[in-house]
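Below you'll find the structure, written out as C-alpha cells, and then a few comments.
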Amino acid sequence: MLKTTIPSLIALLFVVAAVLTIISGTSAFTTALEQDAQESLRRSANVAEQAVRLEEASLLAKASFVGQGDTLYQAMKGEIELPEDQRPEEISFEEERHLVVHDKLTAQKYKLDDIAAKVKGRRNLELGPLERTPHDYDVFIALDDTGVGVAALGRNLFSWFGADVSKTFPSVKEVLKTGETRIEHWNWSFSGDDKRVHRVALAPIRRAEKEEIVGVVVVGYMLGDGAAKTQQKLLAGVSEDSKDQEVLDRAPDIVLFQGKQVVGSTFDTSRQSAVAAELDRVGGFSADAATIFELSEEGKRYLAMVRPIAGSGENAMGVAVMGDLTHALKPVKSLQITLALILGLMLLLGVGASIFLIVRWMSPLERLEIGIQEVIAGNKDHVWEPLKNHDLHEGLAQGLNLMSAYLQGKPMPDDENAGQSWSADELDSTNVGGPAPKVQGVSLPMMQAPPPKDDEDSEA
Numbered sequence: 097m098l099k100t101t102i103p104s105l106i107a108l109l110f111v112v113a114a115v116l117t118i119i120s121g122t123s124a125f126t127t128a129l130e131q132d133a134q135e136s137l138r139r140s141a142n143v144a145e146q147a148v149r150l151e152e153a154s155l156l157a158k159a160s161f162v163g164q165g166d167t168l169y170q171a172m173k174g175e176i177e178l179p180e181d182q183r184p185e186e187i188s189f190e191e192e193r194h195l196v197v198h199d200k201l202t203a204q205k206y207k208l209d210d211i212a213a214k215v216k217g218r219r220n221l222e223l224g225p226l227e228r229t230p231h232d233y234d235v236f237i238a239l240d241d242t243g244v245g246v247a248a249l250g251r252n253l254f255s256w257f258g259a260d261v262s263k264t265f266p267s268v269k270e271v272l273k274t275g276e277t278r279i280e281h282w283n284w285s286f287s288g289d290d291k292r293v294h295r296v297a298l299a300p301i302r303r304a305e306k307e308e309i310v311g312v313v314v315v316g317y318m319l320g321d322g323a324a325k326t327q328q329k330l331l332a333g334v335s336e337d338s339k340d341q342e343v344l345d346r347a348p349d350i351v352l353f354q355g356k357q358v359v360g361s362t363f364d365t366s367r368q369s370a371v372a373a374e375l376d377r378v379g380g381f382s383a384d385a386a387t388i389f390e391l392s393e394e395g396k397r398y399l400a401m402v403r404p405i406a407g408s409g410e411n412a413m414g415v416a417v418m419g420d421l422t423h424a425l426k427p428v429k430s431l432q433i434t435l436a437l438i439l440g441l442m443l444l445l446g447v448g449a450s451i452f453l454i455v456r457w458m459s460p461l462e463r464l465e466i467g468i469q470e471v472i473a474g475n476k477d478h479v480w481e482p483l484k485n486h487d488l489h490e491g492l493a494q495g496l497n498l499m500s501a502y503l504q505g506k507p508m509p510d511d512e513n514a515g516q517s518w519s520a521d522e523l524d525s526t527n528v529g530g531p532a533p534k535v536q537g538v539s540l541p542m543m544q545a546p547p548p549k550d551d552e553d554s555e556a
C-alpha cells in the first residue's frame, strides 16, 4: 500500500506543479510575444504609411515633370500644328490640338520610361522621385483650362475626348485656380463603367512656376491587389520581384480600402469580403491611427492598425496593416510542448526514484515483519539479523532481539551473572522440546492462561 500511495501522491503533486508551471510560464511568454507583436505592428503601420506618402510625392513629381515646360504648354495653346503630311484636309482646332497634345503626352511618357529603364533593378530607397516605382500608369491625361479632356494615352479613348472631367472631380478647378499640385483618389473609368479606385496626381500645365496655367495634367495608377502586395514586400524587406513566399507569409497583410470597401489586399479574392466584414465589425474602417484592435478570419487571429490616407466619410481612403497573431504566438505552443516533455521526463524520473527509494527502505522492514510472523508462528529461536548501512533496520532488529530474549527469560547482554551469551551464534537450543522457560517480565495480554474448562467438558 505504502509503495503505491507515496509515488502516486508524489506524481499527483508533480503534475499539479507542472501544470501550474506551464500555465504561468506560457502566460508570461504569451504576454511578452503579444507586446512584441504590437510593437512590430506599429512599426509596420508607420512604414506602410510613409511608403504611401513617398509614392504620393513621387507621383506629384512625375505629374509636375509632365505638365511643366514649353512643349505641352504650346500644344495646349494651339501654337503647334501637325506636319502637313499628317494633317487632314478638314480638321477642327480641337481635333488638331487633340492629336498634337496626344503626341506630346506620349513624348513625356517616353521620357519617364527612359528614366525608369536606367534605374531598373535598383531599390526604391536609392532612387529619386522621378525614378521610384511604380512606372506603369493607368491614367495619363491632359485637360484644358475649363476641365475638358483634350487627350489621353491608351487605346480606343477617342470617345472620351471632350468629356468635362471637372464636373465629376471639382479638384481640377482648384488646381487651375491655385496652381498647386495635389493627390486625389478617383473612382475612374474612361467608359464610365466599372469604375476603379485610382491614385492620381494633378499638376498645372504651364511654362514655368507662377506663369499662365493652360490646363491640368493627371497622372496615376489603379489601386488593387498589386499595390497591396508591393507594400507587403516592402514590409517583408524583400525586393518587388521577390518570390520568397516563406518570407512573405511572415510579413503583415495589407488591406487598401475606400469607405468600407476593400479595393486591394494581399488576401485571396475569395477572402476579401470576409476581411472587410470583420474590419467593419470591429470598427476598423473608422479607427484612429493609434488604435490596435484584434480580429479573426478563417480561424486565425490578427492584430490590425489602420492609417488614413486621404478623404473622409464614405470616400475615405486608408490602409490596414494586419499582423498574424496566430503565427506570432507559435513559439508558445512549442514552449508548451517542450515544457510538457521535460516535466513529463522529470515526473517519470521522480516517480521511478521514489519507488526505488521506498522499496529500498521498505524491504528491510518487510524482513522484520516476516521475522515477527515466524515468532508468532512458534519459532522462538528466530533471530533478526541487523542490516548493515541501515540504521533504522539495525535499531529495530536489535530491539526485537532484546524483546524476544526478555520475553523468553533469556539473560540480558548486560547481565554480569549470565553464563552464556544470547547472540546469534550462541543461542541456547538445548531446551527445545523441554519445558517452556519461565517468562520474567511484563506479560502480554495474548500470553495470559486460558480460562479453565467446565466440569462437563472435563468429564467428556
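In this text, residue positions in the sequence shown follow my numbering: the first is 97, and each later residue adds one.
Think of the CB as a built atom: it goes at the ideal place given N, C-alpha and C, for glycine as much as any other residue.
Whole angstroms are fine: how far does the CA of residue j sit from the CA of residue i?
| i | j | result |
| --- | --- | --- |
| residue 346 | residue 412 | 29 Å |
| residue 187 | residue 195 | 10 Å |
| residue 197 | residue 168 | 7 Å |
| residue 318 | residue 148 | 14 Å |
| residue 243 | residue 263 | 8 Å |
| residue 395 | residue 370 | 12 Å |
| residue 500 | residue 468 | 10 Å |
| residue 298 | residue 332 | 31 Å |
| residue 451 | residue 418 | 54 Å |
| residue 178 | residue 192 | 7 Å |
| residue 519 | residue 456 | Bear in mind that the predicted position of residue 519 carries a pLDDT of just 47, short of 50, making it unreliable; the figure below should be weighed with that in mind. Approximately 27 Å between the Cα atoms of the pair. |
| residue 189 | residue 277 | 28 Å |
| residue 524 | residue 113 | Bear in mind that a pLDDT of 46 at residue 524, under 50, signals an unreliable position, so the number given afterwards is only what the model happens to contain. Cα to Cα, residue 524 sits roughly 58 Å from residue 113. |
| residue 374 | residue 287 | 33 Å |
| residue 358 | residue 307 | 41 Å |
| residue 355 | residue 146 | 21 Å |
| residue 215 | residue 233 | 17 Å |
| residue 430 | residue 222 | 40 Å |
| residue 440 | residue 122 | 16 Å |
| residue 227 | residue 414 | 25 Å |
| residue 281 | residue 199 | 26 Å |
| residue 398 | residue 291 | 31 Å |
| residue 266 | residue 381 | 25 Å |
| residue 108 | residue 116 | 12 Å |
| residue 170 | residue 150 | 31 Å |
| residue 506 | residue 447 | 46 Å |
Check residue i in the structure and name its three-state DSSP category.
| i | result |
| --- | --- |
| residue 188 | coil |
| residue 504 | coil |
| residue 284 | strand |
| residue 248 | strand |
| residue 260 | strand |
| residue 219 | coil |
| residue 459 | helix |
| residue 112 | helix |
| residue 477 | coil |
| residue 334 | coil |
| residue 427 | helix |
| residue 291 | coil |
| residue 384 | coil |
| residue 304 | coil |
| residue 165 | coil |
| residue 467 | helix |
| residue 321 | helix |
| residue 339 | coil |
| residue 240 | strand |
| residue 346 | helix |
| residue 176 | coil |
| residue 398 | strand |
Could you work out which residue in the options is closest to residue i when comparing CA atoms only?
| i | options | result |
| --- | --- | --- |
| residue 283 | 295, 276 and 305 | 295 |
| residue 378 | 243, 189 and 401 | 401 |
| residue 302 | 279, 285 and 240 | 240 |
| residue 137 | 390, 459, 436 and 488 | 390 |
| residue 225 | 233, 217 and 212 | 212 |
| residue 352 | 491, 405, 310 and 387 | 405 |
| residue 464 | 415, 482, 221 and 454 | 482 |
| residue 166 | 507, 428 and 201 | 201 |
| residue 480 | 470, 474 and 497 | 497 |
| residue 493 | 474, 472, 475 and 462 | 462 |
Where do the ends of the beta strand (DSSP E) carrying residue i lie?
| i | result |
| --- | --- |
| residue 417 | 413 to 420 |
| residue 393 | 389 to 393 |
I'd like the span of the alpha helix (DSSP H) that includes residue i, first residue to last.
| i | result |
| --- | --- |
| residue 369 | 365 to 377 |
| residue 352 | Here residue 352 belongs to no alpha helix (DSSP H); instead the beta strand (DSSP E) covers 349 to 354. |
| residue 182 | Note, residue 182: premise wrong, no alpha helix (DSSP H); not H, not E. |
| residue 361 | From DSSP, residue 361 is part of no alpha helix (DSSP H) but of the beta strand (DSSP E) over 357 to 361. |
| residue 272 | 267 to 274 |
Using a Cβ-Cβ cut-off of 8 Å, state whether residue i counts as contacting chain D.
| i | result |
| --- | --- |
| residue 496 | In the structure shown, chain D cannot be found, because there is only a single protein chain. |
Notebook entry, point to check: Should the region 413 to 425 be called in touch with the region 123 to 133, which here means at least 3 C-beta pairs below 8 Å?
Noted result: The count of Cβ pairs closer than 8 Å, one atom from the region 413 to 425 and one from the region 123 to 133, reaches three, so the stretches are in contact.
Note to self: Using 8 Å as the cut-off, can you tell me whether the region 202 to 218 makes contact with the region 252 to 260, which would need three or more C-beta pairs spanning the two stretches below that distance?
What the structure shows: The way I'd put it, the region 202 to 218 doesn't touch the region 252 to 260; fewer than three beta-carbon pairs between them come closer than 8 Å.
Note to self: If contact is defined by three or more beta carbon pairs under 8 Å, each pair taking one atom from either stretch, is the region 324 to 337 in contact with the region 156 to 164?
What the structure shows: Because the criterion of three Cβ pairs below 8 Å is not met, the region 156 to 164 and the region 324 to 337 do not touch.
Note to self: Taking contact to mean 3 or more Cβ pairs, one atom from each stretch, closer than 8 Å, check whether the region 227 to 238 and the region 309 to 317 are in contact.
What the structure shows: Output reads yes: the region 309 to 317 touches the region 227 to 238.
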